[in-house]
Amino acid sequence: MNDTIAAISTPFGEGGIGIIRISGEDAFSIIEKVFRQPGKRRKMENRKLTYGNIIDPDTEKIIDEVLCVEMKAPGTYTAEDVAEIHCHGGMVPLRKTLELVLRLGARLADKGEFTQRAFLNGRLDLTQAEAVMDMIRAKADRSLDAAVYQLEGVLSNKIREIRAMLMDLLVELTVNIDYPDEDIEILTYEKTKKSIASIKEEIVKLLERSETGRIISEGLKVAIVGKPNVGKSSLMNHLLREARAIVTDIPGTTRDTIQENLSIQGIPLVLTDTAGIRETDDKIESIGIERSKESLMRADLVIFMMDSSTRTDKEDLEIIARIDPSRTIVVLNKTDLKSVVTDEEIQELLPGVEMIRISLARNTGVGQIEDSIVQRVYNGEVTQEDSLMVTNARHKSLLENACASVTSAGEMTEFGEPLEIIEEDVHEAYDILGEIIGESVTDDILNEVFSRFCLGK
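The numbering of the sequence shown is this note's numbering, which starts it at 3 and goes up by one.
See the structure below:
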């Protein structure tokens with residue numbers, strides 16, 4: 003924490019601008035040594051970009067023409083003195099400028115070290131720090147919205163609210179443990195039951211939204227499956243709004259899985275077009291079919307495509323045997339032709355499954371598929387405007403552990419176990435929730451969290 007750190011904070015490669023960030027007590031003195039303004043040097047103003055050159059003080063050689071800014075602590079990203087050098091965006095000027103900064107006393111920053119310092123200096127809590135990386139990695143509008151809300155402290159505030167409820171309960175339990183009275187103890191058990199039920203309800207509400215949050219953060223995994231030549235690749239192209247997959251009348255054209263990322267109404271999707279599942283002696287096609295089956299098993303949502311103009315056959319039935327109706331949409335394509343597949347037949351084979359009839363030839367029905375996907379993501383419980391959402395797997399795991407501790411405390415209360423035992427479970431839940439926001443967390447966890455960041459952030 004006493005070192006002055008530096009790193010390139012923009013992507014490598016050619017670009018208009020490349021930024022080198024420096025943070026620490028020596029940031030300004032390093033800038034003083036390497037930055038020269040034209041003519042008579044003037045003192046730099048806080049937070050104001052200043053034009054000049056980066057010069058090697060040993061040789062007086064100009065390395066790059068830059069804009070430079072100094073930002074005084076504590077009102078900075080890391081809450082330390084921070085300086086930035088805005089170079090031309092090329093590998094050579096950035097590398098040579100960074101080498102000079104390191105030579106003059108800075109240390110190359112570790113991954114996520116700027117954000118880690120922001121956390122350790124109290125500028126951000128741990129959920130807000132993780133939200134920074136979520137913003138960088140956001141795949142769609144809703145992913146970005148969720149990260150912004152988390153950065154603003156929406157989740158942190160809720161966790162603190164639940165911890166305050168747990169602390170009130172701990173105080174009540176501790177008082178009665180230290181100063182027991184038979185009449186008070188009876189009242190304490192009743193009050194404890196109500197408190198634990200309220201706390202558990204709040205935690206469960208967060209967990210109920212965690213699956214939606216995961217999808218919004220990571221993307222909904224959607225697999226398009228079906229026998230050959232039913233329109234899988236055509237559907238993928240329609241959803242992508244581009245000709246990504248090769249489409250022909252020849253069955254077996256798609257011989258491997260094709261994966262693409264897209265956004266539907268702000269929701270990120272990981273869409274996989276699979277090889278048609280059928281019996282074949284073609285070795286290469288067989289490998290693609292096995293991968294199709296694997297994609298089907300891993301998918302959050304399966305779009306099972308059928309040709310409504312042909313009878314259901316053995317190949318269709320083999321796929322039907324592998325899918326779960328609750329996470330499947332049956333898409334009956336080619337409604338521009340005479341349909342021979344009835345709704346009743348599909349419902350008998352896959353009870354309760356959702357069905358959508360489309361015609362890719364006439365470009366009808368694809369919008370219904372998109373609307374259905376969006377509805378499934380939110381499940382009618384979380385609206386698109388809802389800001390309180392758990393999107394992080396670490397947070398979900400800790401919430402599950404806290405819920406287990408609170409549940410145990412509730413059971414102990416029902417059994418009339420000693421207050422000391424109940425207090426242990428309540429305290430454990432309090433500490434676990436503290437790990438989410440970083441108020442009770444080990445160095446190992448911190449290192450693991452920040453190691454996932456990119457260099458320079």
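Don't be surprised by glycine CBs; every beta carbon is placed ideally from N, CA and C.
- When Cβ pairs closer than 8 Å are counted between the two stretches, the region 119-131 is seen not to touch the region 47-54, the count staying below three.
- Excluding the 5 residues flanking it on each side, E132 has same chain C-beta neighbours closer than 7 Å at N394 and V451, in chain order.
- Its Cα nearest to that of D315, the residue G228 stands out among L110, E422, G228 and I65.
- Around the beta carbon of S328, fewer than 16 other beta carbons sit within 10 angstroms, so the residue counts as exposed.
- Using a Cβ distance threshold of 8 Å, T117 and V94 do not count as a contacting pair.
- If you draw a 10 Å sphere on the C-beta of S453, you find fewer than 16 other C-beta atoms in it, and that means exposed.
- The Cβ atoms of L264 and L242 sit closer than 8 Å to each other.
- In this model, K223 and E262 are separated by some 10 Å (Cα to Cα).
- In this structure, the CA atom of H397 is about 6 Å from the CA atom of I438.
- Around the Cβ of M169, a 10 Å sphere holds fewer than 16 other Cβ atoms; the residue is exposed.
- Here N48 is bridged, per DSSP, to E72.
- For A120, same chain residues with a beta-carbon under 7 Å away, outside a window of 5 residues either side, are Y79, T80, A81, L126 and A131 in chain order.
- Residues of the same chain with a CB within less than 7 Å of the CB of A149, apart from the 5 flanking positions on each side, are A133, D136, M137 and A140 in chain order.
- For D446, the three-state secondary structure derived from DSSP is helix.
- In the DSSP assignment, V333 forms a beta bridge with M307 and I358.
- At the C-beta level, V408 and I201 come within 8 Å of one another.
- One thing to note: G458 has its Cβ within 8 Å of the Cβ of A111.
- Taken through DSSP and simplified to helix, strand or coil, C89 comes out as strand.
- Nearest neighbour of L106 by Cα position, chosen from G155, N178, L69 and S31, turns out to be S31.
- Listed as beta-bridge partners of L271 by DSSP are L222 and L264.
- In the pairwise beta carbon analysis, the region 334-341 is classified as touching the region 351-364: at least three pairs are separated by under 8 Å.
- Annotated as distal: G26 and R144, with beta-carbon spacing of 8 Å or more.
- Per DSSP, I7 lies in no alpha helix (DSSP H); the unbroken beta strand (DSSP E) holding it starts and ends at I7 to I10.
- Contact check for L96 and G20: beta-carbon distance about 4 Å, within the 8 Å limit, so the pair qualifies.
- Between the beta-carbon of T214 and that of V379 there is about 6 Å, and that keeps the pair under the 8 Å contact cut.
- One thing to note: T129 has its Cβ no nearer than 8 Å to the Cβ of L146.
- The straight-line gap separating the alpha-carbon atoms of G418 and S442 is approximately 30 Å.
- For T366, the secondary structure class from DSSP, reduced to helix, strand or coil, is strand.
- Non-local C-beta neighbours of E67 in its own chain, meaning closer than 6 Å and more than five positions away in sequence, comprise N55, ordered along the chain.
- For I321, the enclosing alpha helix (DSSP H) covers residues K316 to I322.
- In this structure, the straight-line span from the alpha carbon of E350 to that of R324 is close to 15 Å.
- Inclusion of I331 and I305 in the CB contact set at 8 Å is warranted, their separation being smaller than that value.
- V177 carries a helical assignment under DSSP once its states are collapsed to helix, strand and coil.
- In this structure, G114 sits near F455, with a CB-CB distance shorter than 8 Å.
- Classified as exposed, Q377 has fewer than 16 neighbouring CB atoms from the shown chains inside 10 Å of its CB.
- Y53 is bridged by DSSP to L69.
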